[in-house]
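K.L.:
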Amino acid sequence: MPEFSLPENFETYPEARKKAFITMKELKEQSRRIVGVFCTYTPWELILAADAVAVVLCGIGDDNIPAAELRLPKNLCPLIKASYGAAVTDRCPFFYFSDMVLAETTCDGKKKMYELMGELKHCHIMQLPPGKTGRGALEFWKQEVISVKEDLEQFYGITITEDKIRDAIKLRNRERKAVLDFFEVARLKPSPISGYEINTVISSNEFSPDLEEKIAFLNQRTAELKDLYEREYKGKPSRPRVLITGCPTNGVMDKIVKRIEELGADVVGFENCCGPREKKDPIDEEKDPITAIAEKYLRVNCSVMSPNPGRLEALDVQIDEYQVDGVVEVLLQACHTFAIESDAVKKFVTQKKHIPYIAINTDYSPSDQAQIDTRLGAFVELLQ
Numbered sequence: 027m028p029e030f031s032l033p034e035n036f037e038t039y040p041e042a043r044k045k046a047f048i049t050m051k052e053l054k055e056q057s058r059r060i061v062g063v064f065c066t067y068t069p070w071e072l073i074l075a076a077d078a079v080a081v082v083l084c085g086i087g088d089d090n091i092p093a094a095e096l097r098l099p100k101n102l103c104p105l106i107k108a109s110y111g112a113a114v115t116d117r118c119p120f121f122y123f124s125d126m127v128l129a130e131t132t133c134d135g136k137k138k139m140y141e142l143m144g145e146l147k148h149c150h151i152m153q154l155p156p157g158k159t160g161r162g163a164l165e166f167w168k169q170e171v172i173s174v175k176e177d178l179e180q181f182y183g184i185t186i187t188e189d190k191i192r193d194a195i196k197l198r199n200r201e202r203k204a205v206l207d208f209f210e211v212a213r214l215k216p217s218p219i220s221g222y223e224i225n226t227v228i229s230s231n232e233f234s235p236d237l238e239e240k241i242a243f244l245n246q247r248t249a250e251l252k253d254l255y256e257r258e259y260k261g262k263p264s265r266p267r268v269l270i271t272g273c274p275t276n277g278v279m280d281k282i283v284k285r286i287e288e289l290g291a292d293v294v295g296f297e298n299c300c301g302p303r304e305k306k307d308p309i310d311e312e313k314d315p316i317t318a319i320a321e322k323y324l325r326v327n328c329s330v331m332s333p334n335p336g337r338l339e340a341l342d343v344q345i346d347e348y349q350v351d352g353v354v355e356v357l358l359q360a361c362h363t364f365a366i367e368s369d370a371v372k373k374f375v376t377q378k379k380h381i382p383y384i385a386i387n388t389d390y391s392p393s394d395q396a397q398i399d400t401r402l403g404a405f406v407e408l409l410q
């Protein structure tokens, strides 16, 4: 089977971030509105309807953590610490150039960290209901969506019209389709794209302020990969196929995703916030737009929700559609919701789907790389 080849214009994640820093500066000089965001629960449609640019804030980097630990506990999720550390030291140009931050209470650590972040910049915090099926959950969340619209209007001194929201919904649905199509190239067996490229391209494209440009790029790359499959991969033997689940992998792409592939397996799917979780579910374009936005984002299968059966349902579908041979769960230090949920995931994967599973507990430090390599190496060997 041919080895994976990255496209000629491939940008590494750090390169894409650096390029985006310059873009943000240029947008700020043009007096564009910029809103910093963190999570898949964020109703980007309302930011677009406010004629603002949404940019994903920095939440990676072991070098951002020491500054955060001056005020945050050491035994806290590295994503939370890196997010605050990058903001408080001005090492995240996205935070620096943002007018405000729109975030959600996806865990106790984050919502308390946002209190500190609010000392630096205006933060609008959406309060998530504890579950998506409880009595009043949808109505509660709808009011939170309305509060975002009202805060954007008040903060910028504008009026967000229903037509603008509907236009934003249509554009974002088109973007979702382009992202999903790109992800699903890896359903081909053998996959013509590495999981490292998938993770890098998707994460890097979150920095793109021009959604039309992003859609065009993804459509072109998807077409190139399908053509590559027909020419060089179709009918060839496949390496073991791995699906990543659990916590976001942006901060551990080189540490875990790249290493799995260097050790002899292909990462073909992501059942996490870096995967198609939010993308495979478009917003209803016919309903009242605020209601449709609320319904769509409340369906996100995050471990913060209790109960969260949708995650196992999504895993069931992805394992079959991507012809997965084994599952690697990434658990960031002190991420209690995913750590607790991992027991149910392990049982489902091993007892219902009858394939191997391994959980990797880690942070952003390189200190455990050798141990991770040993465990991943044994796991990949098991899949051979």
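Per this note's numbering, the sequence shown starts with residue 27, numbered consecutively.
No residue lacks a Cβ here, since even glycine has one placed at the ideal position from N, Cα and C.
#1: Let me know the secondary structure DSSP gives F243 once reduced to three states.
#2: Does the distance from the C-beta atom of I73 to that of V61 stay below 7 Å?
#3: Cβ-heavy atom distance between Y348 and the ligand GTP below 6 Å?
#4: Can you tell me the Cα-Cα spacing of T224 and T275, whole angstroms?
#5: Using the Cβ count rule (16 or more neighbours within 10 Å means buried), how would you classify R43?
#6: Going by DSSP, what residues sit across from I151 in a beta bridge?
#7: Give the DSSP-derived three-state secondary structure of A80 in the structure shown.
#8: Under 7 Å between the Cβ atoms of P302 and L237?
#9: What does Y383 pair with, by DSSP beta-bridge criteria?
#10: If we ignore side chains and look at the alpha-carbon of each, how far apart do R192 and E311 end up?
#11: Quick one: measure Cβ to Cβ for G261 and V356, integer angstroms, because I've assumed they're closer than 8 Å.
#12: From A93 to K138, what distance separates their C-alpha atoms?
#13: So the candidates are G144, V79 and R198; which of them puts its Cα closest to the Cα of D307?
#14: Would you please state the rounded distance, in angstroms, between the beta carbons of T248 and F296? I believe it to be under 8 Å.
#15: Skipping 5 residues on each side, what residues in its chain have a beta carbon closer than 6 Å to that of G352?
#16: For E250 and V283, I'd like the C-alpha separation in whole angstroms.
#17: Please report how far the alpha carbon of K203 lies from the alpha carbon of V63, in whole angstroms.
P.N.:
The short version:
#1: helix
#2: yes
#3: Within the structure as shown, the ligand GTP is missing, as the structure has no ligands at all.
#4: Sequence check: residue 224 is Ile here, not Thr. I224 and T275: Cα-Cα distance of roughly 11 Å.
#5: buried
#6: A129
#7: strand
#8: no
#9: V353
#10: 7 Å
#11: Actually they are not in contact, since the Cβ atoms of G261 and V356 sit about 32 Å apart, beyond 8 Å.
#12: 17 Å
#13: R198
#14: The Cβ separation is near 16 Å, so there is no contact.
#15: V268, I381, P382 and L409
#16: 23 Å
#17: 21 Å
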